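Colleague:
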């Protein structure tokens with residue numbers, strides 16, 4: 442039936458959202474947890490209408506997109522956080538210079554590489570140091 446198909450779609454979306462969430466404890470993660478719980482409540486409601494199930498599925502999809510966008514924003518904000526302390530500052534400048542001078546470049550494609558490739562040109566070089574300084578100074 443249409444309702445059974447809608448319920449299965451919602452269950453699949455709950456599973457996908459739960460996997461996406463993982464162990465995230467950020468505000469965005471908490472919002473997604475709430476959306477998962479609300480969707481599960483609709484699944485558990487014996488007399489839920491097809492419209493309610495479809496609306497819950499759409500709401501959960503929107504929450505997943507918002508979570509993904511928040512995580513992408515978070516990643517962008519931490520580009521240049523070489524020492525991994527959650528802030529981008531002069532300590533990262535020093536760490537990046539040492540990384541380059543000591544030829545301790547992270548493996549290409551790794552999170553550490555993406556963090557150090559501040560200007561996002563695919564190379565870790567003094568150009569990244571220049572970009573990092575500008576970012577620290579707010580230019």
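Numbering (the working numbering), first residue to last: 442 to 580.
Idealized CB from N, CA, C, for every residue including glycine.
Here the structure is a predicted model, which means the values were calculated and not measured.
(1) Do residue 549 and residue 523 have their CB atoms nearer than 9 Å?
(2) I'd like the span of the alpha helix (DSSP H) that includes residue 457, first residue to last.
(3) Enumerate in chain order the residues of its own chain whose CB-to-CB distance from residue 489 is below 7 Å, with the five nearest sequence positions on each side excluded.
(4) Which first and last residues belong to the alpha helix (DSSP H) in which residue 470 is found?
(5) Kindly give me the distance between the Cβ atoms of residue 462 and residue 498, rounded to whole angstroms, as I take these residues to be in contact under 8 Å.
(6) Going by the beta-carbon positions, is the gap between residue 529 and residue 555 smaller than 9 Å?
(7) Determine the burial state of residue 467: buried for a count of at least 16 other Cβ atoms within 10 Å of its Cβ, exposed for fewer.
(8) With DSSP run on the structure shown, which of helix, strand or coil describes residue 536?
(9) Note the first and the last residue of the continuous alpha helix (DSSP H) segment covering residue 575.
Modeller: This is what the structure gives:
(1) Sequence index remark: in the chain shown, residue 549 carries index 108 (1-based). Sequence index remark: in the chain shown, residue 523 carries index 82 (1-based). Against a cut-off of 9 Å, the Cβ pair of residue 523 and residue 549 comes out as no contact.
(2) The sequence position of residue 457 within the chain shown is 16, counting from 1. Annotation for residue 457: the continuous alpha helix (DSSP H) segment containing it runs 443-462.
(3) Taking the first residue of the chain shown as position 1, residue 489 is located at position 48. Taking C-beta separations shorter than 7 Å and ignoring five residues to either side along the sequence, the partners of residue 489 in its chain run 483, following chain order.
(4) Here residue 470 refers to the residue found at position 29 when the chain shown is read from its first residue. Unbroken alpha helix (DSSP H) run through residue 470: 468-485.
(5) Counting from 1 along the chain shown, the entry for residue 462 is found at position 21. Counting from 1 along the chain shown, the entry for residue 498 is found at position 57. So it is not a contact: roughly 16 Å between Cβ atoms.
(6) Indexing the chain shown from 1 puts residue 529 at position 88. Indexing the chain shown from 1 puts residue 555 at position 114. Taking 9 Å as the Cβ cut-off, residue 529 and residue 555 do not qualify as a contacting pair.
(7) For the purposes of this step, residue 467 is taken as residue 26 along the chain shown, with counting starting at 1. Looking at its Cβ environment, which holds fewer than 16 other Cβ atoms inside 10 Å, residue 467 is exposed.
(8) Within the chain shown, the letter at position 95 stands for residue 536. Note: residue 536 maps to helix in three-state DSSP.
(9) Taking the first residue of the chain shown as position 1, residue 575 is located at position 134. Where residue 575 is concerned, the enclosing alpha helix (DSSP H) stretches over 567-578.
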